[in-house]
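What the sequence shown shows, in the working numbering, is residues 53 to 466, in sequence order. Below: the structure, in structure tokens.
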Amino acid sequence: MEFNKKTLRNIFLGLAGCIVLYWILHETERVTSLLNVVYGIIKPFVAGAALAFVLNVPMRAFERLLKKIKNNTLRRVLSLLLTFVSILLVLYGIIYLLIPQISETVESIIATLPGFFNRVQQSVVIYLNEHPEIMEWLSEYTNFATFDWSGLIQKAISIITDGLGGVVDTAISTIVNLGTGIFNGVLAIVFAIYCLGKKEVLARQGRRLLYSFLPEKVCDETIRILRMTNTTFSNFISGQCLEAVILGLMFALFMTIFGMPYMPLVSVIITVTALVPIVGAFVGCILGGFFILVVDPALAFWFVVMFLILQQIEGNLIYPRVVGTSIGLPGMWVLVAVAVGGDLMGPVGMLLMIPLASVLYALMREFTQKRIAQREIPAEKLQDQPPENLSGDKEKGGKKNSFWSKFKRKKKKG
């Protein structure tokens, strides 16, 4: 082996990598604490970059609306300003709708829970009186004649009211904890504004950095994948937000038509939860159905029926036209992506894992097609139901059939 500079460098890098890997495996706790410290330092910048990525979608829309402005700097500043104003107006509208509705809902639930449980108790007692065989079967396990139903109801009410009080305490503590992160939040917003204002400069610097250290083919492929990722994420975010707003407006319209309570609260909850595909809208249905159930169980039933109908309309008519095939991910893999993302990062993971899985799916499809072309696999073998006999199998099958036919003829002669 000729020990030139390149070979020595590769040997040195390999040894250094082995040493680092050995240290990581034997100093797991120290490595974890070090990573936590590093993440704590870069966390506001990561959040700012993610915020810039999301806000870039509406900012580009405003830039297209302001395309008549020839000054690029002025157009960028106005688009950025309109983006933040729009976000603030949306947040203000949600808070303006939610805060009064939440307080009214909590007060209504606390006031109606005793009557609700009394109605449930009366219905159960009437049903058991009409079906004494059930009463006899249940009496084998407990004495219903002396069972303290009132105590059970009061205990359930106290548990629920205490839980509501705990929710309020948790909300207050959360607000206090958020106050301690004001500095990180401001830093993230400032970093996001800088990224949005100088995104072309940052992209050019990133390309120069890539081409200065990596081979040209690797850089070209990396940039292509990054562009694909950007397009997929942008299409998913814009389409999913528009689809969630349409679904929320549909619920608001039909709840108003049928006179269902808590229309603003439930429609906003449906809109927010529908941002998470597949499972989000069902979570909103459960929450909205619970609020209506306390007021009127019959309306809660019709609310669920209305949800199922609107969900079918949204899934079969609206979603394909609004989001379209921009994601390019089959439904089965969407479900897997939602499950994995939710387990790793919660609702945010559900939202981010779908476009990421779409990019991985597209890359795997390209790699598979390239490998099949290189190996010159016949197209017949790639069909959904390939022929049973291909290439040499046909000849083998013919010999096999010939052998069995000769065997049968000999057996008949014998």
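Built from N, CA and C at the ideal position, the CB exists for glycine as well.
Please name the residue, chosen from the options, that lies closest to residue i on a Cα-to-Cα basis.
i, options, result
"E115", "G249, I63 and T226", "G249"
"L294", "I151, V324 and V392", "V324"
"M358", "M384, E159, G258 and I322", "I322"
"M315", "L408, T135 and L339", "L339"
"M302", "Y148, R423, T59 and I370", "I370"
"K331", "A296, D348 and L351", "The sequence as given places Val at residue 331; Lys does not occur at that position. Of A296, D348 and L351, the residue nearest in Cα terms is A296."
"L149", "G398, G367 and A304", "A304"
"Y413", "I424, V400, G394 and M280", "M280"
"E366", "F310, G291 and V390", "G291"
Hey, how far is the Cα of residue i from the Cα of residue j?
i, j, result
"L143", "V270", "42 Å"
"P110", "Y179", "57 Å"
"M402", "A333", "13 Å"
"P430", "R417", "17 Å"
"F51", "P407", "The chain is shown from 53 up to 466; residue 51 falls before or after that span and cannot be answered."
"L254", "I277", "17 Å"
"L11", "W354", "No answer is possible for residue 11: it lies beyond the span of the chain, which begins at 53 and ends at 466."
"Q364", "V335", "16 Å"
"T226", "S138", "26 Å"
"R427", "S85", "47 Å"
"G233", "G92", "12 Å"
"N320", "P267", "Just to set this straight, residue 320 is Val in the shown sequence, not Asn. About 50 Å."
"K422", "Y263", "25 Å"
"L261", "E252", "14 Å"
"N368", "P382", "14 Å"
"D445", "A409", "The predicted model places D445 with a pLDDT of 47, which falls under 50 and marks its position as unreliable, so this point remains unresolved."
"F265", "G258", "11 Å"
"V172", "P166", "10 Å"
"I161", "T274", "55 Å"
"E81", "N62", "30 Å"
"N88", "L67", "27 Å"
If you measure between the beta carbons of residue i and residue j, is that distance less than 8 Å?
i, j, result
"F285", "F105", "yes"
"L130", "L118", "yes"
"A326", "L362", "no"
"T164", "V346", "yes"
"P329", "V386", "yes"
"L107", "T135", "yes"
"A392", "M384", "Correcting the residue type first, residue 392 is Val in the shown sequence and not Ala. Cβ atoms of V392 and M384: not closer than 8 Å."
"N236", "P96", "yes"
"I121", "R112", "no"
"M312", "L351", "yes"
"V83", "I76", "yes"
Please confirm if residue i has its CB atom under 8 Å from at least one CB of chain C.
i, result
"K250", "Checking the listed chains, one finds no chain C in this structure; it contains a single protein chain."
Identify, in the order they occur along the chain, each residue of the same chain with its Cβ nearer than 6 Å to the Cβ of residue i, setting aside the five sequence neighbours on each side.
i, result
"G100", "A240, F243 and A244"
"F64", "none"
"L360", "none"
"C337", "F359"
"M53", "Reliability of the predicted coordinates at M53 is poor, the pLDDT of 49 falling under 50, and the value obtained from them is presented with this limitation in mind. So the list is empty, once near-sequence residues are dropped."
What is the DSSP secondary structure of residue i, reduced to helix, strand or coil?
i, result
"G233", "coil"
"V328", "coil"
"L130", "helix"
"Y371", "helix"
"Y179", "helix"
"P96", "helix"
"K251", "helix"
"P316", "helix"
"L60", "helix"
"N108", "helix"
"F265", "helix"
"G311", "coil"
"P382", "coil"
"I338", "helix"
"L65", "helix"
"P184", "helix"
"E79", "coil"
"L118", "coil"
"I429", "coil"
"N170", "helix"
"D395", "helix"
"N88", "helix"
For residue i, which residues of its own chain have a beta-carbon under 8 Å away from its beta-carbon, when the five flanking residues on both sides are left out?
i, result
"T157", "Y314, L317 and F343"
"C247", "G100, A101, A104 and L254"
"I424", "L434"
Beta-carbon within less than 7 Å of residue i's beta-carbon, same chain only, minus the 5 sequence neighbours each way: which residues are those?
i, result
"N147", "Looking at the sequence shown, residue 147 is not Asn but Ile. Cβ within range, chain order: n/a, list empty."
"M307", "M315, V318 and S319"
"V388", "none"
"Q153", "Y314, P316 and L317"
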